[in-house]
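*Asks:* Residues 1 to 210 in my numbering are what the sequence shown spells out, letter by letter. Built from N, CA and C at the ideal position, the CB exists for glycine as well.
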Amino acid sequence: MELAYYSDYAVRLVNSEEPRRGTDALTSVEAVRDLFGASTQAAARAVDADVARLRAVRVRLRGIFEAADEGDEVRAVDLLNALLLEFPVSPQISGHDYLDDTTGRPDWHMHLADHAVNASAAYSATACMGLAVQLTTLGVDRLGICEAAPCRNAYVDTSTNRSRRYCSDRCATRANVAAYRARKRLENDRSGRSSLTQDAAQEAAPATDR
1 MELAYYSDYA VRLVNSEEPR RGTDALTSVE AVRDLFGAST QAAARAVDAD VARLRAVRVR
61 LRGIFEAADE GDEVRAVDLL NALLLEFPVS PQISGHDYLD DTTGRPDWHM HLADHAVNAS
121 AAYSATACMG LAVQLTTLGV DRLGICEAAP CRNAYVDTST NRSRRYCSDR CATRANVAAY
181 RARKRLENDR SGRSSLTQDA AQEAAPATDR
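The structure is reproduced here in structure tokens:
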């Protein structure tokens, strides 16, 4: 599994809360386990205390995305480095379960071994490592915050032309519809003002003798 994949752990954790909507999905140990996705072995270690631990990490991860979104690359990197020091990873080579279709040999790849003291530390280490790989490979400016109000979800822009501005197709559609409606209102306002101006000009014009 490519290490860049793990950046999704960071995105999922940050987006478990939507501050402007006042919602928070990270409220139970079951929610913690859901964050791990298919990593059932790591998720099985989760306990109630991991809720508060991951919420604290979530705040710091959001700070990284917000700093990157604001163009403050140094601050984003400093914040991520602080987390990497606090939650170190243990990389190892894996591949015994995956054989190359052509050669039949193991498909060797980098994997993160789980030696963390608890589930939240394991999750945090994985999320930060994945984010670090994406940041150094794609650039700090690829970490963003959704522009569709009131959404403030985080995302990693992996597009080839660096064009992503929204966390999802749903937000992109909503933003496009809002922009279209705003343009139509502006056009209607301009049309209305133009009509009033013409009417006023006609009323002010002197009467023509017949």
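1) Let me check understanding here. Comparing Cα to Cα, which of MET129, ASN188, ILE145 lies closest to ARG165?
2) Our contact map puts LEU79 next to LEU131 with C-beta atoms below 8 angstroms; I'd like the distance itself, whole angstroms only.
3) Looking only at C-alpha atoms, which of PRO106, LEU186, ALA125, ASP34 sits nearest to HIS115?
4) By how many angstroms is the C-alpha of GLY104 removed from the C-alpha of ARG21?
5) Using only CA atoms, which one of ASN188, ASN161, ARG183, ALA148 lies nearest to THR173?
6) Please return the same chain residues whose Cβ sits closer than 7 angstroms to the Cβ of VAL29, not counting the five positions on each side in sequence.
7) Applying the criterion that 16 or more other CB atoms from any shown protein chain within 10 Å of the CB defines a buried residue, is LEU13 buried or exposed?
8) Assuming the contact rule is C-beta atoms closer than 8 angstroms, ALA129 and TYR6 should be a hit. Round their C-beta distance to whole Å, please.
9) So, helix, strand or coil for ALA182, using DSSP?
10) Are ASP157 and ARG142 close, meaning C-beta to C-beta below 7 angstroms?
11) Tell me, to the nearest whole angstrom, how far the beta carbon of ARG216 is from that of PRO19; I am working on the premise that it is less than 8 angstroms.
12) On the three-state DSSP scale, how would you describe THR23?
13) So, for ALA4: in the same chain, excluding its five sequence neighbours on each side, which residues have a beta-carbon less than 7 angstroms away from its beta-carbon?
14) Hey, which unbroken runs of the beta strand (DSSP E) at 3 residues or more fall wholly within the stretch 108-153?
15) Which partner residues of GLN92 appear in the DSSP bridge assignment?
16) With a threshold of 6 angstroms on Cβ separation, who are the neighbours of CYS167 within its own chain once the five nearest residues in sequence on each side are excluded?
17) Mapping the DSSP letters down to three states, classify TYR155 as helix, strand or coil.
*Replies:* So, from the data block:
1) Nearest to ARG165 by alpha-carbon distance, out of MET129, ASN188, ILE145, is ILE145.
2) No, LEU79 and LEU131 are not in contact; Cβ-Cβ is about 10 angstroms, not under 8 angstroms.
3) The shortest Cα separation from HIS115 among PRO106, LEU186, ALA125, ASP34 belongs to ALA125.
4) Taking the straight line joining both Cα atoms gives about 51 angstroms.
5) The shortest C-alpha separation from THR173 is found at ALA148.
6) Hits under 7 angstroms: ALA46, VAL47, ASP48, ASP50, VAL51.
7) Buried, by the Cβ-count rule.
8) One detail in the question is off: residue 129 reads as Met in this sequence, not Ala. With 8 angstroms as the limit, MET129 and TYR6 qualify as a contact, their Cβ atoms being about 6 angstroms apart.
9) DSSP, reduced to helix, strand and coil, places ALA182 within a helical segment of the structure shown.
10) Closer than 7 angstroms, so yes.
11) Nothing in the structure corresponds to residue 216, since the chain is present only between 1 and 210.
12) In the three-state reduction of the DSSP assignment, THR23 falls in the strand class, which pools E and B.
13) Setting aside the 5 residues that flank it on each side, ALA4 is surrounded in the same chain by GLY130, VAL133, GLN134, THR137, each with a C-beta closer than 7 angstroms to its C-beta; the list follows chain order.
14) Within the stretch 108-153, the complete beta strand (DSSP E) runs of at least 3 residues are 109-113, 143-145.
15) Within the DSSP bridge table, the entry for GLN92 names HIS111 as partners.
16) Cβ within range, chain order: CYS146, ASN153, TYR155.
17) In the structure shown, the three-state DSSP call for TYR155 is strand.
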